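Quick note on numbering: numbering that gives the first Met the number 0 labels position 99 of the sequence shown as 98, and the sequence is numbered without any gaps. Quick reminder that beta carbons are idealized off the backbone N, C-alpha and C, glycines included. It should be emphasised that the depicted structure is a prediction, and the values quoted were computed from it without experimental measurement. Quick notes on the structure that follows.
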Amino acid sequence: MNKLTMLGWVSIALIAAGSVLGLAVLPADALQGEVSRLLYVHVPVAWVMMLAFFVVFLMSILYLVQRRLKWDLLAASAAEVGLMGAILTLVLGTLWGRPTWGIWWAWDPRITTTALLVPIYAGYLVVRSMSEDPDQRARWAAVIGLIAFVQVPIVYLSVFWWRSLHQPPSSPQSMWGVYGLMLMLGFFAYAGAFAYLWLRRYRLAATELELELSGPEEG
Numbered sequence: 000m001n002k003l004t005m006l007g008w009v010s011i012a013l014i015a016a017g018s019v020l021g022l023a024v025l026p027a028d029a030l031q032g033e034v035s036r037l038l039y040v041h042v043p044v045a046w047v048m049m050l051a052f053f054v055v056f057l058m059s060i061l062y063l064v065q066r067r068l069k070w071d072l073l074a075a076s077a078a079e080v081g082l083m084g085a086i087l088t089l090v091l092g093t094l095w096g097r098p099t100w101g102i103w104w105a106w107d108p109r110i111t112t113t114a115l116l117v118p119i120y121a122g123y124l125v126v127r128s129m130s131e132d133p134d135q136r137a138r139w140a141a142v143i144g145l146i147a148f149v150q151v152p153i154v155y156l157s158v159f160w161w162r163s164l165h166q167p168p169s170s171p172q173s174m175w176g177v178y179g180l181m182l183m184l185g186f187f188a189y190a191g192a193f194a195y196l197w198l199r200r201y202r203l204a205a206t207e208l209e210l211e212l213s214g215p216e217e218g
């Protein structure tokens with residue numbers, strides 16, 4: 000078993016452990032009731048989403064500095080997984096918000112700024128399909144990857160800048176409670192899953208690029 004496969008199995012085990020603890024072992028929140036259990040997935044997935052887009056940002060910088068297509072492929076692979084995480088974050092947030100706030104969708108600053116990540120990074124992926132030249136495609140994508148990341152700190156700071164239904168981040172002291180430890184378990188579980196999917200997608204992208212550069216086989 001190689002290291003990447005092992006990472007995948009470890010991530011599955013952590014996700015399974017977190018699911019059992021969150022759904023069957025720990026008591027429901029006294030105020031929110033059973034719906035609070037969604038937060039054990041919603042919050043860690045949101046954190047991992049931000050991590051994925053930071054990876055896009057970092058890989059874009061590395062490409063612009065070194066001009067190696069490896070960094071471009073790593074950025075694109077992270078963007079795909081991050082976009083999936085953004086959509087999942089919104090879906091889980093909607094499922095939590097309906098019984099908690101009484102509505103499926105609120106034009107809350109945190110929700111709205113998070114929702115904007117979807118068209119921004121979908122646009123990043125669309126731009127990549129607009130050029131058949133790998134180097135030109137990588138340059139365009141790297142610039143957009145840098146600009147797009149500006150939205151990520153806006154998502155984080157939205158609860159401080161505007162009146163929001165979301166509460167500000169928990170204090171470090173409160174993170175040592177059961178709730179905080181469950182969030183950290185979820186973060187490591189889903190971060191491992193992100194790393195696994197990211198590197199798997201990168202390997203596939205590298206193979207696709209190799210075939211693209213080799214051109215059609217002569218008959």
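The shortest C-alpha to C-alpha distance from L89 to any of V158, A16, A205 and A105 is the one to A105.
Checking the DSSP bridge columns, you'll see D107 has no partner listed. Taking the CA atoms as reference points, P43 sits about 13 Å from G21. The beta carbon of Y201 sits closer than 6 Å to those of L72, L73 and S76, all from its chain and outside the five residues before and after it, given in chain order.
A buried status is given to T112, since no fewer than 16 other beta-carbon atoms sit within 10 Å of its beta-carbon.
Boundaries cannot be given for E33, as no alpha helix (DSSP H) includes it and DSSP labels it neither H nor E.
DSSP places E211 in the helix class (H, G or I) of the three-state scheme.
R109 counts as buried, since at least 16 other C-beta atoms from the protein chains shown sit within 10 angstroms of its C-beta.
In this structure V9 is not in contact with G144, their Cβ atoms being roughly 29 Å apart against a cut-off of 8 Å. Spanning the alpha carbons of L164 and V158 requires a straight line of approximately 8 Å. When rounded, the separation of the alpha-carbon atoms in K2 and P133 is 29 Å. Counting only runs of at least 3 residues, the stretch 142 to 194 fully encloses no beta strand (DSSP E) element at all.
Within its own chain, the residues whose Cβ lies closer than 8 Å to the Cβ of L68, once the five positions on either side in sequence are excluded, are Y62, P133, D134, A137 and L208, listed in chain order. L203 and H41 have their C-alpha atoms spaced approximately 28 Å apart. The Cβ atoms of L180 and G17 do not sit closer than 7 Å to each other.
A distance below 8 Å between beta-carbons, with the five flanking residues on each side excluded, links E79 to the following residues of its chain, in chain order: L124 and R200. A straight line joining the alpha-carbon of A45 with that of L198 spans about 20 Å.
Looking at the backbone, the Cα of V126 and that of L30 are separated by about 45 Å.
The beta carbon of M83 sits closer than 7 Å to no other beta carbon from its chain once the five residues preceding and following it are set aside.
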